Amino acid sequence: MKIIKSSFFSPKKCEYGNFEIIPDEGWEFLQTFIDYESKLLIVSLSIKDKTKWENHGYNGTIIPTKEYKVDLETLRILEFEDWKHYFNYNKIEIISEDGKYKLITQRVFKPENNNDSIIEELYDNISGNLISSSRSIAFSKDKNENLLESKYRSERELEDRIRIYNAKPNLAEFYTIQINQLKDQDVIIYYYDAFDTFKLTFVNDTFVLFNGDVFPSKQEDWQLLQYNEITVYSNIEEFWNDFIKEEKWYLKYNIHYGFDHKILILAKHITEYLNELRREQKSSFKEYEKINEWQGSVWSDEYKKKEVKQWCANCSKSVSYYGRYPKYICQECASKDIYDKDGNILEFSNLGFSGGFKAITKNKQGEIIKENRTDQFCDCIIDGKLFFAQEARFGGIVIQLKE
Numbered sequence: 001m002k003i004i005k006s007s008f009f010s011p012k013k014c015e016y017g018n019f020e021i022i023p024d025e026g027w028e029f030l031q032t033f034i035d036y037e038s039k040l041l042i043v044s045l046s047i048k049d050k051t052k053w054e055n056h057g058y059n060g061t062i063i064p065t066k067e068y069k070v071d072l073e074t075l076r077i078l079e080f081e082d083w084k085h086y087f088n089y090n091k092i093e094i095i096s097e098d099g100k101y102k103l104i105t106q107r108v109f110k111p112e113n114n115n116d117s118i119i120e121e122l123y124d125n126i127s128g129n130l131i132s133s134s135r136s137i138a139f140s141k142d143k144n145e146n147l148l149e150s151k152y153r154s155e156r157e158l159e160d161r162i163r164i165y166n167a168k169p170n171l172a173e174f175y176t177i178q179i180n181q182l183k184d185q186d187v188i189i190y191y192y193d194a195f196d197t198f199k200l201t202f203v204n205d206t207f208v209l210f211n212g213d214v215f216p217s218k219q220e221d222w223q224l225l226q227y228n229e230i231t232v233y234s235n236i237e238e239f240w241n242d243f244i245k246e247e248k249w250y251l252k253y254n255i256h257y258g259f260d261h262k263i264l265i266l267a268k269h270i271t272e273y274l275n276e277l278r279r280e281q282k283s284s285f286k287e288y289e290k291i292n293e294w295q296g297s298v299w300s301d302e303y304k305k306k307e308v309k310q311w312c313a314n315c316s317k318s319v320s321y322y323g324r325y326p327k328y329i330c331q332e333c334a335s336k337d338i339y340d341k342d343g344n345i346l347e348f349s350n351l352g353f354s355g356g357f358k359a360i361t362k363n364k365q366g367e368i369i370k371e372n373r374t375d376q377f378c379d380c381i382i383d384g385k386l387f388f389a390q391e392a393r394f395g396g397i398v399i400q401l402k403e
């Protein structure tokens, strides 16, 4: 790389001053910035010749790069012996003000790539246990956040999330809020079955149910529906008790989202009913598609999400709600011994960043007798019950009860 200074006869200018930077032949600019700590100019180049790129498949492509450090006052390209005077390479130990944590950090030179790194280790200062560690590129445009700062930021963010969550109403409180916000002629819900279309409307402090013709398939015909009053309810409870008389109403009826409605008023009733269905664990995966649709219709950040409940499909312990996996088992059950139908031991794992699912079969002596990387699912037995394992959507392994 060359730096050409500006002169009277050959003026030069770039965003960093009166000079021009010429990359090495066959290389191009990747990035340039002023280092936050030293104020040196950092110039990164990448090679143009794609035949020298390293293709690692799903793990991406590695492009050869190199980096130069420039003193903006002298416009000299610096070597390590020059730039090391800008930094402290000694090991530094910091104890947090509250005495809870100890951070050990050190800047180190990496001769293999002619660059500096920052090595950090964060410890619990009471127990001495390592909390986290990192190795990062030292030169940076912005001030680097160290592990101690990151730890306290994460704790503050967690406290904020907990505070915000705790301030949210539960479903009963949320229902009261929604009812109090109702205005005359507000539609609570539009829904339909194979024969009729329905809407529940708030009229003169009552809840009036109307029905119309078969739900039209064309959107332009929605506004043409004619409704007739069929029932008047004095409150939502009366409507709901009447509504759920229909066996498996969640399968028969569909929600119509084409118009504005106040379906969140029914969040408490719908969620409590579906919670009980999930507790019973008698529904099929196909039925859960409709159950999830109804649950999704009243899904909101305005109330506590823990009000939506789910239970382990093996031990029935309460677990976090994951509509995508309606019959999944808890971590404790997933950690139990897992077998195939022949009594062999099964172990599951992911295939890495590229995604994929691997099932290893071992005999009773612990010897691997089979390895499967092609199937998306694997039947397995836990506590004498039949389950199936698969790769979870965002990584990890999920095990669900098999129908």
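Per my numbering: the sequence shown = residues 1 to 403.
All C-beta atoms, glycine included, are put in the ideal place defined by N, C-alpha and C.
None of these values were measured; they are calculated from a predicted model.
In the assembly as shown, ASN314 is a buried residue. Its beta-carbon has 16 or more other beta-carbons within 10 Å. With 16 or more other Cβ atoms inside 10 Å of its own Cβ, SER283 counts as buried. By the CB criterion at 8 Å, ASP71 and LEU45 fall outside the cutoff.
DSSP places GLN226 outside both helix and strand once states are collapsed to three, so it counts as coil.
PHE198: member of the beta strand (DSSP E) spanning 197-203, first to last residue. Checking the DSSP bridge columns, you'll see ARG107 partnered with ILE118. Beta-bridge partners assigned by DSSP to TYR68: VAL43. When only Cα atoms are considered, THR61 and VAL319 end up about 40 Å apart. In this structure, the CA atom of PHE388 is about 28 Å from the CA atom of GLU307. Going by beta carbons, LEU122 and TYR101 fall inside the 8 Å limit. If you look at LEU386, you'll find it in the beta strand (DSSP E) that goes 385-391.
Beta-bridge partners of TRP27 (DSSP): ILE47. In the displayed model, THR361 falls within a strand according to three-state DSSP.
For LYS370, the uninterrupted beta strand (DSSP E) run begins and ends at 368-372, by DSSP. The straight-line gap separating the alpha-carbon atoms of GLN376 and PHE348 is approximately 11 Å.
Within the model, the alpha-carbon separation for ASN144 versus LEU266 is close to 48 Å.
For TRP249, the three-state secondary structure derived from DSSP is helix. DSSP places ARG163 in no beta strand (DSSP E) but in the uninterrupted alpha helix (DSSP H) bounded by 147-166. If you ignore the 5 residues before and after GLU280, its C-beta comes within less than 8 Å of no other C-beta in its own chain. Looking at the DSSP output, PHE377 bridges to GLN390. For ASN241, the enclosing alpha helix (DSSP H) starts and ends at 236-243.
The residues LYS362, in chain order, have a CB closer than 6 Å to that of ILE345 in the same chain once the five nearest residues on each side in sequence are set aside. Beta-bridge annotation (DSSP): ARG76 is paired with ASP71. By DSSP's assignment, PHE33 forms a beta bridge with ILE42.
In the DSSP assignment, TYR192 falls within the beta strand (DSSP E) that extends over 187-192. Listed in chain order, the non-local C-beta contacts of ALA172 below 8 Å within the same chain comprise LYS268, local neighbours out to five positions each way being set aside.
The Cβ neighbour count for HIS261, taken over all protein chains shown within 10 Å, is at least 16; the residue is labelled buried. DSSP, reduced to helix, strand and coil, places SER297 within a helical segment of the structure shown.
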